[in-house]
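A short write-up of the structure that comes next.
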């Protein structure tokens, strides 16, 4: 049995967590305060983090196929979170960039903060993709 | 080296990510499909109608353009013809104009090379179509000084036209010279540096020097400010205001005066400029106001300059010496609520605008002050708002107010190359006192052909009753107007107008609480402009220059009529729709009078005491109590337990579709059956997807359509998307031109030509609808010009409610004759762009009703029919008013405009019998628009990109327990379906009509990518599994 852990596996939870926090904060405060929050990114991100945690802490005891499955499930969870998060913020971008003089400052703040969160998710996904190419099995 | 299992595993995730991205792109592209189509010039859906013998298949609205070439040439030719009538000759000493058609001209000023063709936002001109000033002038035969041209060419060599802030395509203006605080004129040093030979050809091109001065205009932003606040660093102007000429512009004027015998100034600005110095300067021979001529308009300018046509436009606004001293300007700009930050940002609570000038805006102020001096009503002693001393020098303090020291060109002013004589032949007031028939004969007494304008004004008595109940009266007001045909020298034309006397009535909000007419002498007068007409009225009262008049009037041009008896609060107390008219905006939540919320806040300007009531800036107000509740835009609570079981939604038993009600009356009993088919969800979906879009409603057979801004033609679409009766133009690809090519709407109003405005409706709006399949066009723009400084005036018409109202009404009628569902904007009181989103606009109900609302009313009641439309050909015209409106960003009083029941329901829906489509401006379903309150006030759609997540009740479940909301939804569905059934949305539609998706390149791309990446993902998973299995086998064998 070889270790399924790489540097990227160890790194990816951080941006993943950052994206998760940004999604939660921008959904619950500021311009979007009081709005209905789609739970899918939260559920999927937590599931992805659990998969990564399982790989990190029990990976060496698990069969290679299971390790791969955990990696893939984590990546898919983050991709789903990334997609839903992005689509949820598209109306903000439409407001801010299509009619440039007609939006409250809080909406612009929510959008730009969300862009940071979306980017964080993307970094986490890329880290797992690198992992998928390089991890020993 | 990577192992195979790693490769397949990695590629599977890459492909999964790309699949997700492709799906996201697809979702976004489909959500904003109509905007994407507009951007890429694609057609992602087509409407298909099966062939049928059913006569209802008829294309009831016929485009006159069957090919893209016809359309391109048609829009172009009309734009040029229209423009020719929209330039006002303000000065023409010694017949300096016209020039010879091959005159050798020196053009000076940065606007002589880069003029303002149109707005920089909102009703933008089409850069792809634009023929530049120097090309148009050259094509018309003028020979232009190549050395001055070369300098400007050099300056702009590394600069490009820009993209508009709103709409699509190219804007024919340079960002580097687009400023609201700097005319951006070049100095002589800069010009000679650009071309050392700049002055070398003056003597060769000396038939005339044409100096072009201009100011930009457009939607949004802060626009113009008076005084130093409005000037960029280093900019200095004649009056100290941005609307007068800068030192650099004056240098160009002086350069022309010093080197040329004939100096002509073209005023390329929509905002009334402060140009007394040009008027007074004997070395300036001619001044021509050209406004914003449009993409082809400089052909028209050349046609006027060379005398092909005689100028026939007249000003629709007053040109003051210093417009910043107008009473309306005392409350303008950003005047914040002290506690604005206490409110949710999404409620857009920022500032307020208290229009304490009352009815005294534009000429109503200047002419009434003048009349009060002549009539000895105390006006001579009033000093407030004085600009100039009797000797013409600028007054340091309020001094002696004199008309000549304040006004440069009055409302209605405009010269011609010929002269006209007009006689007031007859005035007959109808027995019911509701109308008067006025006959005027115009004779061309000059030497060239030309058109004249008949301007009919009236004056009403200012009485003790008025003083007691705070009713104000303008000394003169426009009642009606007509334009003659082209009259040859010696030729005459007699025009008979039927004048609506309801426009004479005053609104009495204190005592009668309705429109009144008071006993006394009424005067009807014709005149060359408002001041001339007032002088004729004063002459009829025995006044002369000895009484302080600027010139003796002609009493023969005035008819005096006496209203006997007491105050008449009956004749005009019922609307044309039969609805009793009473206070809507004076008390309660929907009041527009700030004193109704904060008693004693403001004293409104009164001619009874100009000095002590002259407006002061009202600052430092705090919104508290009920006012604060209203401003928060969340006024009502939804019920959850009303009995709504009797209300039918989603009825599937009927086979009726909207096409069955094509052209049906509003009262057709089948509407109820059709509306019962619609579900609440369908209405909410329709209402929340209205940004340049008409959302489909499947249950009633309504298909999805694109819609577009704006008042001067489609802002986003091009003839490449055009077609005729459902078939794309075969030559579409060769004509990448827009329909927004004509002179700006303000120019059209200045033509004072109702027939021309009707054609604008037919062609600019109507043909845009038919050629581009855009059933809704957001326009015309009909907000009044409150003063000279608003930057969006070009999109609107005039300071006067009758000129604006009748121009807008004609545009609406022309557009509706082609099936356009107009959205008149912006209802109401979009009086400034500064803080337009959320600013709370306050005024008296008298001002609201007699100015802005009287203006809109003309279009909603279909008033102002041209005298020439009396024949059978136009029997169907002006039989119904506008069927659509767009509400404003600003609040009406303390309430979101679309939620102000006083205006939206009591006045528009009830008094004016407006039964059409009512859409918000770009708010979406958000707190900005107070959605539930707006639904209750008759809003049928919210322009925007869907529902803001903070609006949690935008679903059937949340609304099913509120009977009022459900009834409002049904009523609003009736309004919107009626409006669409009577529009080009039904053109060529029958029961077989349906929408088909078209595989555009962008749709093909995202679908292809989604499919391909999904397959690749699966393939990589399979390869991974195979590789893993092989490896496993290999491991076992080992």
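Chains as they are written, first to last, in the numbering used here: chain S, 11 to 147; chain H, 573 to 1610. All C-beta atoms in this analysis are idealised placements derived from N, C-alpha and C, irrespective of residue type, glycine included.
Q: Could you name the residues of chain S that residue 600/H contacts, counting a contact when the two beta carbons are closer than 7 Å?
A: Residues of chain S with a Cβ closer than 7 Å to the Cβ of residue 600/H are, in chain order, 100.
Q: Would you check if there are 3 or more beta carbon pairs closer than 8 Å linking the region 1280 to 1291 of chain H to the region 1305 to 1313 of chain H?
A: Taking 8 Å as the limit for Cβ pairs, the verdict is that the region 1305 to 1313 of chain H does touch the region 1280 to 1291 of chain H.
Q: Can you pull the chain H residues whose beta carbon is under 9 Å from the beta carbon of residue 106/S, in chain order?
A: Here the premise fails: no neighbours, minimum Cβ distance about 11 Å.
Q.
List, in chain order, every chain H residue whose beta-carbon is nearer than 7 Å to that of residue 96/S.
A. The answer, in chain order, is 596.
Q: Kindly indicate which residue of 1093/H, 1411/H, 851/H, 1060/H has the alpha-carbon position closest to the one of residue 1076/H.
A: Of 1093/H, 1411/H, 851/H, 1060/H, the residue nearest in Cα terms is 1093/H.
**Q.** Beta-carbon neighbours of residue 123/S, restricted to chain H and to distances below 7 Å
**A.** What residue 123/S touches in chain H: nothing, since even the nearest Cβ is about 15 Å away.
Q) Which parts of the region 921 to 952 of chain H are runs of the alpha helix (DSSP H), unbroken and 4 residues or longer, counting only runs that do not cross its ends? A) Entirely contained in the region 921 to 952 of chain H, the alpha helix (DSSP H) runs reaching 4 residues are, in chain order, 935 to 946.
Q. How many Å lie between residue 1422/H and residue 1078/H at the Cα?
A. C-alpha separation (whole angstroms): 7 Å.
Q. Does the region 944 to 960 of chain H touch the region 888 to 900 of chain H, meaning 3 or more C-beta pairs lie closer than 8 Å?
A. Verdict: yes, contact present.
Q. Would you call residue 56/S buried or exposed, if buried means 16 or more other Cβ atoms sit within 10 Å of its Cβ?
A. It counts as exposed.
Q | CB-CB length for residue 1328/H against residue 657/H, believed under 8 Å | A | Residue 1328/H to residue 657/H, Cβ: 6 Å. Contact.
Q) Can you tell me where the alpha helix (DSSP H) with residue 66/S in it begins and where it stops? A) Under the DSSP assignment, residue 66/S falls in the alpha helix (DSSP H) whose first and last residues are 50 to 68.
Q | Cβ neighbours of residue 1255/H in the same chain (closer than 6 Å, five flanking residues each side left out) | A | Cβ neighbours of residue 1255/H beyond the five flanking positions: 1541, 1545.
Q) Roughly how many whole angstroms lie between the Cα atoms of residue 830/H and residue 1354/H? A) Rounded to the nearest angstrom, the two C-alpha atoms are 43 Å apart.
Q.
If we define contact as Cβ-Cβ less than 7 Å, is residue 12/S a contact residue for chain H?
A. Only weak support is given to the placement of residue 12/S: the predicted model assigns it a pLDDT of 43, under 50, and the question is left unresolved by the model.
Q | 9 Å Cβ cut-off: residues of chain S touching residue 696/H | A | Going along chain S, no residue has its Cβ under 9 Å from residue 696/H, so there is no contact; the nearest lies around 14 Å.
Q | Selected residue, minimal CA-CA separation from residue 1178/H, among 1243/H, 1038/H, 1166/H | A | Taking residue 1178/H as reference, the option from 1243/H, 1038/H, 1166/H with the minimal CA-CA separation is 1038/H.
(Q) I'd like the ranges of any alpha helix (DSSP H) spanning at least 4 consecutive residues and lying wholly in the region 588 to 642 of chain H. (A) Secondary structure within the region 588 to 642 of chain H: the alpha helix (DSSP H) runs of 4 or more consecutive residues, fully enclosed, are 605 to 612 (chain order).
(Q) Can you confirm whether residue 582/H, when its beta carbon is compared against all beta carbons of chain S, has any partner nearer than 7 Å? (A) Interface residue, yes.
Q | Neighbour-count burial assignment, residue 1388/H, 16 or more Cβ in a 10 Å radius | A | Result: buried.
Q) How is the beta strand (DSSP E) around residue 1412/H delimited, first residue to last? A) Taken as a continuous stretch (DSSP letters only), the beta strand (DSSP E) holding residue 1412/H covers 1412 to 1414.
**Q.** Range covered by the beta strand (DSSP E) that runs through residue 745/H
**A.** Looking at the DSSP string, the run of the beta strand (DSSP E) that includes residue 745/H is 743 to 746.
Q. Which residues in the same chain have their Cβ closer than 7 Å to the Cβ of residue 11/S, if we skip the five residues on either side of it in sequence?
A. At residue 11/S the pLDDT is 39, less than 50, meaning the model places this residue with poor confidence; the figure from the coordinates comes in the next sentence. Here the set comprises 70.
Q | Beta-carbon neighbours of residue 138/S, restricted to chain H and to distances below 9 Å | A | The contacting residues are 585.
Q. Thinking C-beta only, is residue 821/H closer than 7 Å to residue 865/H?
A. Cβ distance not < 7 Å, so residue 865/H and residue 821/H don't count as in contact.
Q: Using a threshold of 7 Å, state whether the C-beta atoms of residue 736/H and residue 693/H are closer than that.
A: The Cβ-Cβ distance between residue 736/H and residue 693/H falls below 7 Å.
**Q.** Contacts that residue 1600/H makes with chain S (C-beta to C-beta distance below 9 Å)
**A.** When 9 Å is used as the limit between beta carbons, residue 1600/H is near these residues of chain S: 74, 75, 78, 147, in chain order.
Q) Which residues in chain H sit within 8 Å of residue 52/S, going by Cβ to Cβ distance? A) Residues of chain H passing the Cβ test: none, with the nearest at roughly 15 Å.
Q: Tell me whether residue 537/H is buried or exposed, calling it buried when 16 or more other Cβ atoms sit within 10 Å of its Cβ.
A: Past the boundaries of the shown model lies residue 537/H; chain H is included only from 573 to 1610, so the question cannot be answered.
Q) Under a CB-based cut-off of 7 Å, is residue 641/H close to chain S? A) Chain S, which has no Cβ nearer than 7 Å to the Cβ of residue 641/H, makes this no.
Q: Leaving out five residues on either side along the sequence, give the residues of the same chain with a beta carbon under 6 Å from the beta carbon of residue 816/H.
A: Same-chain partners within the cutoff: 809, 810, 846.
Q.
Just to confirm before moving on: does the CB-CB distance between residue 1390/H and residue 1434/H stay below 7 Å?
A. One thing to note: residue 1390/H has its Cβ no nearer than 7 Å to the Cβ of residue 1434/H.
Q) To which residues of the same chain is residue 1440/H closer than 7 Å at the C-beta, ignoring the five residues directly before and after it? A) Hits under 7 Å: 1327.
Q) Buried or exposed: which applies to residue 729/H, given that a residue is buried once 16 or more other Cβ atoms fall within 10 Å of its Cβ? A) Counting Cβ neighbours within 10 Å, residue 729/H comes out exposed, since fewer than 16 surround it.
**Q.** 3 or more residues per run - each beta strand (DSSP E) lying fully within the region 681 to 755 of chain H
**A.** Counting whole runs of 3 or more residues, the region 681 to 755 of chain H contains the beta strand (DSSP E) stretches 743 to 746.
Q. Is it true that the CB of residue 1405/H sits closer than 7 Å to the CB of residue 792/H?
A. In this structure, residue 1405/H lies closer than 7 Å to residue 792/H by Cβ.
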